[in-house]
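Quick look at the structure:
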(Lines of atoms letter the chains of each structure in order from A and count residues from 1; the text may use other names and numbers.)
(Lines give C-alpha, C1' and ligand atoms only; values in the text may rest on other atoms or scores of the structure.)
Protein backbone atom coordinates (compact mmCIF):
# COMPACT_ATOMS: atom_id res chain seq x y z
CA UNK A 1 0.00 0.00 0.00
CA UNK A 2 2.77 2.41 0.96
CA UNK A 3 4.72 1.53 -2.20
CA UNK A 4 1.62 2.16 -4.32
CA UNK A 5 1.14 5.53 -2.64
CA UNK A 6 4.79 6.45 -3.22
CA UNK A 7 4.51 5.46 -6.88
CA UNK A 8 1.33 7.53 -7.22
CA UNK A 9 3.03 10.60 -5.71
CA UNK A 10 6.00 10.15 -8.04
CA UNK A 11 3.62 9.84 -11.00
CA UNK A 12 1.77 13.06 -10.10
CA UNK A 13 5.06 14.86 -9.49
CA UNK A 14 6.20 13.77 -12.95
CA UNK A 15 3.01 15.14 -14.51
CA UNK A 16 3.60 18.57 -12.97
CA UNK A 17 7.38 18.98 -13.13
CA UNK A 18 8.62 16.24 -15.43
CA UNK A 19 8.94 16.70 -19.20
CA UNK A 20 5.59 16.18 -20.95
CA UNK A 21 7.35 16.18 -24.30
CA UNK A 22 10.70 17.01 -25.82
CA UNK A 23 11.75 18.73 -29.03
CA UNK A 24 14.90 17.37 -30.71
CA UNK A 25 17.70 19.82 -31.54
CA UNK A 26 20.34 19.72 -34.28
CA UNK A 27 23.43 17.69 -33.47
CA UNK A 28 21.64 15.77 -30.73
CA UNK A 29 20.05 16.83 -27.45
CA UNK A 30 16.49 17.94 -26.74
CA UNK A 31 14.48 20.71 -25.09
CA UNK A 32 12.00 19.23 -22.60
CA UNK A 33 8.83 21.06 -21.57
CA UNK A 34 7.10 20.42 -18.23
CA UNK A 35 3.46 21.24 -17.54
CA UNK A 36 4.39 23.96 -15.03
CA UNK A 37 6.73 25.68 -17.50
CA UNK A 38 4.06 25.52 -20.22
CA UNK A 39 1.56 27.02 -17.79
CA UNK A 40 3.62 29.79 -16.18
CA UNK A 41 5.78 31.11 -19.01
CA UNK A 42 2.92 31.93 -21.46
CA UNK A 43 0.90 33.49 -18.62
CA UNK A 44 3.92 35.55 -17.58
CA UNK A 45 4.50 36.75 -21.14
CA UNK A 46 0.80 37.59 -21.49
CA UNK A 47 0.74 39.73 -18.32
CA UNK A 48 4.10 41.30 -19.17
CA UNK A 49 2.61 42.55 -22.44
CA UNK A 50 -0.72 43.55 -20.86
CA UNK A 51 1.03 45.58 -18.13
CA UNK A 52 3.19 47.36 -20.70
CA UNK A 53 6.39 45.55 -19.65
CA UNK A 54 5.85 46.50 -16.02
CA UNK A 55 9.14 45.10 -14.58
CA UNK A 56 11.13 47.53 -16.73
CA UNK A 57 8.73 50.45 -17.11
CA UNK A 58 7.70 50.58 -13.44
CA UNK A 59 11.02 49.64 -11.85
CA UNK A 60 11.80 53.24 -10.78
CA UNK A 61 8.34 53.44 -9.16
CA UNK A 62 8.96 50.14 -7.34
CA UNK A 63 12.13 51.58 -5.85
CA UNK A 64 10.38 54.84 -4.98
CA UNK A 65 7.59 53.20 -2.97
CA UNK A 66 10.08 50.87 -1.30
CA UNK A 67 12.12 53.87 -0.11
CA UNK A 68 9.28 56.25 0.73
CA UNK A 69 8.55 57.02 4.37
CA UNK A 70 5.71 54.92 5.74
CA UNK A 71 2.64 56.79 6.88
CA UNK A 72 0.72 56.05 10.04
CA UNK A 73 -1.31 52.86 9.74
CA UNK A 74 -4.99 52.83 10.61
CA UNK A 75 -4.66 49.57 12.57
CA UNK A 76 -1.72 49.13 14.95
CA UNK A 77 -1.69 45.38 14.19
CA UNK A 78 -1.64 45.81 10.41
CA UNK A 79 1.58 45.56 8.41
CA UNK A 80 3.05 47.95 5.87
CA UNK A 81 3.76 47.24 2.23
CA UNK A 82 7.47 47.04 3.01
CA UNK A 83 6.84 44.50 5.77
CA UNK A 84 4.85 42.26 3.40
CA UNK A 85 7.72 42.57 0.88
CA UNK A 86 10.07 41.40 3.63
CA UNK A 87 7.81 38.43 4.49
CA UNK A 88 7.52 37.34 0.86
CA UNK A 89 11.25 37.87 0.31
CA UNK A 90 11.91 35.68 3.36
CA UNK A 91 10.16 32.76 1.69
CA UNK A 92 11.50 33.43 -1.80
CA UNK A 93 15.07 33.90 -0.57
CA UNK A 94 15.43 30.39 0.76
CA UNK A 95 17.22 27.17 -0.10
CA UNK A 96 16.28 27.71 -3.76
CA UNK A 97 18.71 30.62 -3.91
CA UNK A 98 21.56 28.35 -2.86
CA UNK A 99 20.65 24.74 -3.65
CA UNK A 100 18.42 25.67 -6.61
CA UNK A 101 20.95 27.90 -8.34
CA UNK A 102 23.71 25.37 -7.78
CA UNK A 103 21.50 22.69 -9.33
CA UNK A 104 20.71 24.91 -12.33
CA UNK A 105 24.37 25.74 -13.01
CA UNK A 106 25.46 22.14 -12.33
CA UNK A 107 22.98 20.74 -14.85
CA UNK A 108 22.71 23.60 -17.34
CA UNK A 109 25.98 25.48 -17.10
CA UNK A 110 26.50 29.23 -16.79
CA UNK A 111 23.87 29.96 -19.44
CA UNK A 112 21.14 28.81 -17.06
CA UNK A 113 21.70 32.04 -15.11
CA UNK A 114 20.55 34.14 -18.07
CA UNK A 115 17.30 32.17 -18.37
CA UNK A 116 16.73 32.60 -14.63
CA UNK A 117 16.91 36.36 -15.23
CA UNK A 118 14.36 36.09 -18.04
CA UNK A 119 12.01 34.01 -15.86
CA UNK A 120 12.21 36.74 -13.19
CA UNK A 121 11.33 39.52 -15.63
CA UNK A 122 8.37 37.49 -16.90
CA UNK A 123 7.29 36.33 -13.43
CA UNK A 124 7.41 39.83 -11.99
CA UNK A 125 4.32 40.84 -13.99
CA UNK A 126 2.42 37.76 -12.81
CA UNK A 127 3.40 38.60 -9.22
CA UNK A 128 1.97 42.10 -9.67
CA UNK A 129 -1.39 40.74 -10.91
CA UNK A 130 -1.90 38.18 -8.13
CA UNK A 131 -0.73 40.52 -5.35
CA UNK A 132 -2.99 43.36 -6.55
CA UNK A 133 -5.97 40.98 -6.70
CA UNK A 134 -5.19 39.90 -3.13
CA UNK A 135 -5.33 43.56 -2.06
CA UNK A 136 -8.60 44.17 -3.88
CA UNK A 137 -10.27 41.19 -2.19
CA UNK A 138 -8.75 41.37 1.31
CA UNK A 139 -10.81 41.31 4.51
CA UNK A 140 -10.39 42.21 8.17
CA UNK A 141 -8.36 39.70 10.19
CA UNK A 142 -10.37 39.03 13.34
CA UNK A 143 -7.62 36.86 14.88
CA UNK A 144 -4.39 38.81 14.40
CA UNK A 145 -5.80 42.24 13.57
CA UNK A 146 -5.10 44.15 10.38
CA UNK A 147 -6.03 42.47 7.08
CA UNK A 148 -5.80 39.04 5.47
CA UNK A 149 -6.50 37.44 2.13
CA UNK A 150 -4.88 35.70 -0.80
CA UNK A 151 -5.91 33.46 -3.71
CA UNK A 152 -8.44 31.51 -1.63
CA UNK A 153 -10.31 34.77 -1.01
CA UNK A 154 -10.30 36.15 -4.54
CA UNK A 155 -11.11 32.70 -5.96
CA UNK A 156 -14.11 32.54 -3.61
CA UNK A 157 -15.26 36.02 -4.63
CA UNK A 158 -14.88 35.23 -8.35
CA UNK A 159 -16.80 31.95 -8.09
CA UNK A 160 -19.48 33.58 -5.94
CA UNK A 161 -20.04 36.18 -8.65
CA UNK A 162 -20.27 33.46 -11.31
CA UNK A 163 -22.32 30.84 -9.44
CA UNK A 164 -23.99 32.73 -6.57
CA UNK A 165 -22.59 30.25 -4.02
CA UNK A 166 -20.92 31.52 -0.86
CA UNK A 167 -18.31 28.74 -0.81
CA UNK A 168 -15.98 27.53 -3.55
CA UNK A 169 -14.39 24.10 -3.75
CA UNK A 170 -11.52 25.51 -5.85
CA UNK A 171 -10.80 28.09 -3.14
CA UNK A 172 -10.79 25.42 -0.43
CA UNK A 173 -8.56 23.16 -2.54
CA UNK A 174 -6.11 26.03 -3.02
CA UNK A 175 -5.93 26.64 0.73
CA UNK A 176 -5.46 22.92 1.48
CA UNK A 177 -2.78 22.61 -1.22
CA UNK A 178 -0.92 25.52 0.35
CA UNK A 179 -1.10 24.02 3.83
CA UNK A 180 0.19 20.69 2.46
CA UNK A 181 3.01 22.40 0.60
CA UNK A 182 4.13 24.55 3.53
CA UNK A 183 4.17 21.57 5.90
CA UNK A 184 6.41 19.70 3.46
CA UNK A 185 8.67 22.75 3.11
CA UNK A 186 9.15 22.70 6.89
CA UNK A 187 10.88 19.34 6.57
CA UNK A 188 12.96 20.47 3.61
CA UNK A 189 14.11 23.54 5.55
CA UNK A 190 15.39 21.65 8.59
CA UNK A 191 17.00 18.92 6.48
CA UNK A 192 19.02 21.51 4.56
CA UNK A 193 20.10 23.19 7.80
CA UNK A 194 21.15 20.01 9.61
CA UNK A 195 23.10 18.76 6.57
CA UNK A 196 24.93 22.08 6.11
CA UNK A 197 25.88 22.33 9.80
CA UNK A 198 27.08 18.72 9.87
CA UNK A 199 29.31 19.34 6.83
CA UNK A 200 30.70 22.63 8.15
CA UNK A 201 30.95 22.01 11.91
CA UNK A 202 30.32 18.25 12.31
CA UNK A 203 27.37 19.07 14.58
CA UNK A 204 25.06 16.03 14.89
CA UNK A 205 21.70 16.55 13.14
CA UNK A 206 19.81 15.95 16.41
CA UNK A 207 21.59 18.86 18.11
CA UNK A 208 21.18 21.37 15.28
CA UNK A 209 17.55 20.33 14.75
CA UNK A 210 16.56 20.66 18.42
CA UNK A 211 18.11 24.15 18.56
CA UNK A 212 16.36 25.15 15.31
CA UNK A 213 12.95 23.90 16.48
CA UNK A 214 13.33 25.53 19.92
CA UNK A 215 14.14 28.95 18.41
CA UNK A 216 11.33 28.59 15.87
CA UNK A 217 8.81 27.62 18.56
CA UNK A 218 9.62 30.68 20.70
CA UNK A 219 8.94 32.92 17.70
CA UNK A 220 5.96 31.35 15.91
CA UNK A 221 3.95 30.50 19.03
CA UNK A 222 3.91 34.16 20.00
CA UNK A 223 1.07 35.99 18.30
CA UNK A 224 2.85 38.92 16.63
CA UNK A 225 6.53 37.94 16.78
CA UNK A 226 6.95 36.58 13.22
CA UNK A 227 6.87 39.85 11.29
CA UNK A 228 9.02 41.65 13.88
CA UNK A 229 11.75 38.99 13.62
CA UNK A 230 11.67 38.97 9.81
CA UNK A 231 11.88 42.79 9.78
CA UNK A 232 15.36 42.43 11.27
CA UNK A 233 16.51 39.08 9.89
CA UNK A 234 15.76 39.41 6.16
CA UNK A 235 17.42 42.78 5.40
CA UNK A 236 20.50 41.80 7.43
CA UNK A 237 20.98 38.39 5.80
CA UNK A 238 20.29 39.64 2.26
CA UNK A 239 22.67 42.59 2.71
CA UNK A 240 25.38 40.37 4.24
CA UNK A 241 25.12 37.88 1.37
CA UNK A 242 25.22 40.70 -1.19
CA UNK A 243 28.27 42.32 0.44
CA UNK A 244 30.15 39.01 0.47
CA UNK A 245 29.45 38.62 -3.23
CA UNK A 246 30.68 42.16 -3.91
CA UNK A 247 33.90 41.28 -2.05
CA UNK A 248 34.37 38.20 -4.24
CA UNK A 249 33.70 40.27 -7.37
CA UNK A 250 36.21 42.87 -6.18
CA UNK A 251 38.81 40.13 -5.65
CA UNK A 252 38.20 38.80 -9.17
CA UNK A 253 37.09 41.91 -11.07
CA UNK A 254 39.37 41.11 -14.01
CA UNK A 255 37.39 37.90 -14.59
CA UNK A 256 33.99 39.62 -14.69
CA UNK A 257 33.88 40.31 -18.47
CA UNK A 258 34.73 36.69 -19.26
CA UNK A 259 32.06 35.44 -16.82
CA UNK A 260 29.32 37.54 -18.44
CA UNK A 261 30.54 36.47 -21.88
CA UNK A 262 30.34 32.85 -20.75
CA UNK A 263 26.78 33.35 -19.44
CA UNK A 264 25.60 34.87 -22.74
CA UNK A 265 27.49 32.40 -24.94
CA UNK A 266 26.08 29.41 -23.08
CA UNK A 267 22.60 30.93 -22.74
CA UNK A 268 22.15 30.97 -26.50
CA UNK A 269 23.87 27.67 -27.04
CA UNK A 270 26.96 28.99 -28.82
CA UNK A 271 28.91 26.37 -26.91
CA UNK A 272 26.02 24.06 -26.04
CA UNK A 273 24.15 23.45 -29.32
CA UNK A 274 27.10 21.64 -30.83
CA UNK A 275 27.23 19.43 -27.75
CA UNK A 276 23.47 18.94 -27.69
CA UNK A 277 23.11 20.67 -24.32
CA UNK A 278 21.07 23.77 -25.13
CA UNK A 279 17.89 22.17 -23.80
CA UNK A 280 19.50 21.62 -20.40
CA UNK A 281 20.65 25.25 -20.28
CA UNK A 282 17.25 26.68 -21.16
CA UNK A 283 15.02 24.44 -19.04
CA UNK A 284 17.23 24.35 -15.95
CA UNK A 285 17.40 28.13 -15.92
CA UNK A 286 13.66 28.58 -16.42
CA UNK A 287 12.60 25.83 -13.99
CA UNK A 288 14.91 26.97 -11.19
CA UNK A 289 13.89 30.57 -11.73
CA UNK A 290 10.23 29.64 -11.33
CA UNK A 291 11.01 27.49 -8.27
CA UNK A 292 12.89 30.33 -6.64
CA UNK A 293 10.66 33.37 -7.24
CA UNK A 294 7.31 31.52 -6.83
CA UNK A 295 5.53 33.95 -9.17
CA UNK A 296 2.11 32.55 -10.10
CA UNK A 297 2.00 29.96 -7.31
CA UNK A 298 -0.24 32.12 -5.12
CA UNK A 299 2.06 32.08 -2.08
CA UNK A 300 3.16 35.71 -1.91
CA UNK A 301 -0.41 37.13 -2.29
CA UNK A 302 -1.14 35.65 1.16
CA UNK A 303 1.27 38.28 2.50
CA UNK A 304 0.40 40.98 -0.04
CA UNK A 305 -3.24 41.03 1.11
CA UNK A 306 -2.14 42.02 4.64
CA UNK A 307 -0.44 45.23 3.49
CA UNK A 308 -1.99 48.46 4.75
CA UNK A 309 -1.24 50.60 1.68
CA UNK A 310 -2.79 53.74 0.22
CA UNK A 311 -3.55 52.05 -3.12
CA UNK A 312 -3.90 48.32 -4.00
CA UNK A 313 -1.46 48.63 -6.93
CA UNK A 314 1.31 49.53 -4.47
CA UNK A 315 1.12 46.06 -2.95
CA UNK A 316 1.40 44.60 -6.43
CA UNK A 317 4.49 46.70 -7.16
CA UNK A 318 6.09 45.60 -3.88
CA UNK A 319 5.68 41.94 -4.84
CA UNK A 320 6.87 42.53 -8.40
CA UNK A 321 10.02 44.03 -6.88
CA UNK A 322 10.33 41.00 -4.58
CA UNK A 323 10.64 38.67 -7.58
CA UNK A 324 13.43 40.82 -9.02
CA UNK A 325 15.26 40.95 -5.68
CA UNK A 326 15.05 37.18 -5.32
CA UNK A 327 16.22 36.12 -8.77
CA UNK A 328 18.09 39.06 -10.31
CA UNK A 329 20.01 39.93 -7.12
CA UNK A 330 20.25 37.00 -4.69
CA UNK A 331 20.33 34.14 -7.23
CA UNK A 332 22.92 36.06 -9.27
CA UNK A 333 25.03 36.40 -6.12
CA UNK A 334 25.14 32.61 -5.77
CA UNK A 335 25.94 32.20 -9.46
CA UNK A 336 28.81 34.70 -9.26
CA UNK A 337 30.30 32.93 -6.24
CA UNK A 338 30.54 29.80 -8.39
CA UNK A 339 31.41 31.27 -11.78
CA UNK A 340 34.27 33.40 -10.43
CA UNK A 341 36.04 30.26 -9.23
CA UNK A 342 38.32 28.37 -11.68
CA UNK A 343 36.33 26.05 -13.98
CA UNK A 344 38.88 23.24 -13.60
CA UNK A 345 38.52 23.39 -9.80
CA UNK A 346 34.76 22.80 -10.01
CA UNK A 347 34.85 20.31 -12.87
CA UNK A 348 32.84 17.17 -12.09
CA UNK A 349 31.28 18.64 -8.93
CA UNK A 350 27.56 19.20 -8.39
CA UNK A 351 25.16 20.23 -5.66
CA UNK A 352 26.35 21.92 -2.48
CA UNK A 353 29.84 20.41 -2.92
CA UNK A 354 30.24 22.72 -5.92
CA UNK A 355 29.28 25.86 -3.99
CA UNK A 356 31.30 24.89 -0.92
CA UNK A 357 34.38 24.24 -3.07
CA UNK A 358 33.95 27.61 -4.76
CA UNK A 359 33.63 29.39 -1.40
CA UNK A 360 36.63 27.49 -0.08
CA UNK A 361 38.60 28.83 -3.05
CA UNK A 362 37.53 32.42 -2.27
CA UNK A 363 37.79 32.42 1.54
CA UNK A 364 39.21 29.08 2.66
CA UNK A 365 37.38 27.22 5.44
CA UNK A 366 35.69 30.49 6.41
CA UNK A 367 33.81 30.32 3.09
CA UNK A 368 32.39 26.90 3.91
CA UNK A 369 31.27 28.17 7.33
CA UNK A 370 29.73 31.27 5.72
CA UNK A 371 27.61 29.15 3.36
CA UNK A 372 26.38 27.00 6.27
CA UNK A 373 25.33 30.10 8.23
CA UNK A 374 23.74 31.69 5.14
CA UNK A 375 21.76 28.54 4.44
CA UNK A 376 20.61 28.48 8.08
CA UNK A 377 19.39 32.08 7.90
CA UNK A 378 17.73 31.65 4.50
CA UNK A 379 16.02 28.44 5.58
CA UNK A 380 14.89 29.76 8.95
CA UNK A 381 13.39 32.88 7.39
CA UNK A 382 11.58 30.66 4.88
CA UNK A 383 9.98 28.69 7.73
CA UNK A 384 8.78 31.87 9.45
CA UNK A 385 7.46 33.21 6.15
CA UNK A 386 5.46 30.12 5.21
CA UNK A 387 3.74 30.11 8.61
CA UNK A 388 2.71 33.71 7.94
CA UNK A 389 1.31 32.55 4.58
CA UNK A 390 -0.59 29.78 6.35
CA UNK A 391 -2.54 32.15 8.63
CA UNK A 392 -5.32 33.24 6.21
CA UNK A 393 -5.60 29.77 4.70
CA UNK A 394 -6.04 28.03 8.07
CA UNK A 395 -8.76 30.55 8.92
CA UNK A 396 -10.34 30.14 5.47
CA UNK A 397 -10.68 26.35 5.87
CA UNK A 398 -11.21 25.92 9.62
CA UNK A 399 -12.68 29.26 10.76
CA UNK A 400 -11.71 32.12 13.04
CA UNK A 401 -10.42 30.19 16.03
CA UNK A 402 -6.91 30.61 17.42
CA UNK A 403 -6.74 26.93 18.37
CA UNK A 404 -6.59 25.95 14.67
CA UNK A 405 -3.80 28.47 14.09
CA UNK A 406 -1.84 27.02 17.01
CA UNK A 407 -2.51 23.44 15.88
CA UNK A 408 -1.07 24.11 12.44
CA UNK A 409 2.00 25.78 13.92
CA UNK A 410 2.61 22.75 16.16
CA UNK A 411 2.25 20.38 13.18
CA UNK A 412 4.75 22.51 11.22
CA UNK A 413 7.18 22.42 14.16
CA UNK A 414 6.87 18.63 14.31
CA UNK A 415 7.60 18.45 10.58
CA UNK A 416 10.57 20.77 11.15
CA UNK A 417 11.92 18.34 13.76
CA UNK A 418 11.39 15.21 11.65
CA UNK A 419 12.95 16.77 8.56
CA UNK A 420 16.16 17.61 10.40
CA UNK A 421 16.80 13.96 11.20
CA UNK A 422 16.03 12.28 7.88
CA UNK A 423 15.61 13.25 4.25
CA UNK A 424 12.43 11.89 2.70
CA UNK A 425 12.22 12.16 -1.08
CA UNK A 426 8.46 11.64 -0.79
CA UNK A 427 8.13 14.83 1.28
CA UNK A 428 10.03 16.86 -1.32
CA UNK A 429 7.71 15.50 -4.02
CA UNK A 430 4.63 16.30 -1.90
CA UNK A 431 5.85 19.86 -1.47
CA UNK A 432 6.33 20.24 -5.22
CA UNK A 433 2.88 18.73 -5.87
CA UNK A 434 1.39 21.21 -3.40
CA UNK A 435 3.06 24.08 -5.29
CA UNK A 436 1.81 22.63 -8.56
CA UNK A 437 -1.80 22.40 -7.36
CA UNK A 438 -1.68 25.92 -5.91
CA UNK A 439 -0.35 27.23 -9.21
CA UNK A 440 -3.07 25.54 -11.27
CA UNK A 441 -5.92 26.78 -9.03
CA UNK A 442 -4.39 30.26 -8.94
CA UNK A 443 -3.64 30.64 -12.65
CA UNK A 444 -7.07 29.51 -13.88
CA UNK A 445 -8.59 32.34 -11.83
CA UNK A 446 -6.12 35.21 -12.27
CA UNK A 447 -6.39 34.87 -16.05
CA UNK A 448 -10.08 35.92 -16.16
CA UNK A 449 -9.67 38.22 -13.12
CA UNK A 450 -6.52 39.92 -14.39
CA UNK A 451 -8.55 42.80 -15.82
CA UNK A 452 -9.30 44.00 -12.29
CA UNK A 453 -5.58 44.33 -11.51
CA UNK A 454 -4.88 45.98 -14.88
CA UNK A 455 -7.64 48.54 -14.26
CA UNK A 456 -6.18 49.14 -10.81
CA UNK A 457 -2.75 49.79 -12.37
CA UNK A 458 -4.31 52.20 -14.88
CA UNK A 459 -6.08 54.04 -12.06
CA UNK A 460 -2.84 54.25 -10.06
CA UNK A 461 -0.91 55.73 -12.99
CA UNK A 462 -3.67 58.26 -13.68
CA UNK A 463 -3.71 59.22 -10.01
CA UNK A 464 0.06 59.79 -10.09
CA UNK A 465 -0.28 62.08 -13.12
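Numbering (the working numbering), first residue to last: 291 to 755.
Each residue gets a CB set at the ideal place from its N, CA and C atoms; glycine is no exception.
Check: Helix, strand or coil for residue 358? Go by DSSP, reduced to three states.; Outcome: coil
Check: Roughly how many angstroms lie between the CA atoms of residue 705 and residue 503, to the nearest whole one?; Outcome: 10 Å
Check: So the candidates are 650, 381, 447 and 617; which of them puts its Cα closest to the Cα of residue 676?; Outcome: 381
Check: Pull up the CB-CB distance for residue 346 and residue 490, whole angstroms please, since I reckon it's below 8 Å.; Outcome: In fact, because the Cβ distance is near 40 Å, the residues do not count as touching under 8 Å.
Check: Excluding sequence positions up to five away, which residues of its chain have a Cβ less than 6 Å from the Cβ of residue 302?; Outcome: 723
Check: Where residue 764 and residue 607 are concerned, what is the direct C-alpha to C-alpha distance, given to the nearest angstrom?; Outcome: A query on residue 764 cannot be resolved here, the shown segment of the chain reaching from 291 to 755 and no further.
Check: With a 10 Å radius around its C-beta and 16 neighbouring C-beta atoms as the bar for buried, classify residue 451 as buried or exposed.; Outcome: exposed
Check: Is it right to say residue 768 is buried, meaning 16 or more other beta carbons lie within 10 angstroms of its own, or is it exposed?; Outcome: As displayed, the chain neither begins before 291 nor continues past 755, which places residue 768 out of reach and without an answer.
Check: To the nearest angstrom, how far is the alpha carbon of residue 293 from that of residue 311?; Outcome: 27 Å
Check: Should residue 564 go down as buried or exposed, given a rule of 16 or more other Cβ atoms within 10 Å for buried?; Outcome: Bear in mind that the predicted position of residue 564 carries a pLDDT of just 44, short of 50, making it unreliable; the figure below should be weighed with that in mind. Label assigned to residue 564: exposed.
Check: Beta-carbon within less than 6 Å of residue 695's beta-carbon, same chain only, minus the 5 sequence neighbours each way: which residues are those?; Outcome: 684
Check: Among 732, 702, 421 and 719, which residue has its Cα nearest to the Cα of residue 673?; Outcome: 702
Check: Within 10 Å of its beta-carbon, does residue 496 have 16 or more other beta-carbons around it, so buried, or fewer, so exposed?; Outcome: exposed
Check: Whose C-alpha, out of 619, 654 and 479, is nearest the C-alpha of residue 708?; Outcome: 479
Check: Under 7 Å Cβ to Cβ from residue 342, same chain only, skipping five residues before and after it: list those, please.; Outcome: none
Check: Looking only at its own chain, which residues have a Cβ that is under 6 Å from the Cβ of residue 362, when we skip the five neighbours before and after it?; Outcome: Reliability fails at residue 362, whose pLDDT of 46 lies under 50, so the model's placement of it is uncertain and the value that follows must be treated cautiously. Contacts found: none.
Check: Measure the C-alpha to C-alpha separation of residue 337 and residue 589 and round it to an integer number of angstroms.; Outcome: 18 Å
Check: Identify whether residue 522 lies in helix, strand or coil by the three-state DSSP scheme.; Outcome: helix
Check: How is the alpha helix (DSSP H) around residue 485 delimited, first residue to last?; Outcome: 459 to 491
Check: Could you have a look at residue 343 and say whether DSSP puts it in helix, strand or coil?; Outcome: coil
Check: With the cut-off set at 8 Å, would you say residue 512 and residue 400 are in Cβ contact?; Outcome: no
Check: Closest by CA to residue 443, which one among 509, 299, 428 and 521?; Outcome: 428
Check: Please name the residue, chosen from 740, 612, 647 and 416, that lies closest to residue 624 on a Cα-to-Cα basis.; Outcome: 647
Check: Looking only at its chain, what residues have a beta carbon closer than 6 Å to the beta carbon of residue 597, apart from the 5 residues adjacent to it on each side?; Outcome: 371, 374 and 605
Check: Run through the DSSP bridge pairs and tell me what residue 597 is partnered with.; Outcome: 369
Check: Pull up the distance between the alpha-carbon of residue 735 and that of residue 465, whole angstroms please.; Outcome: 14 Å
Check: Between which two residues does the alpha helix (DSSP H) carrying residue 555 extend?; Outcome: 546 to 557
Check: Could you round the C-beta distance between residue 469 and residue 671 to whole angstroms and report it? I think they count as a contact, below 8 Å.; Outcome: Between residue 671 and residue 469 the Cβ distance is about 20 Å, and since that is not below 8 Å, they are no contact.
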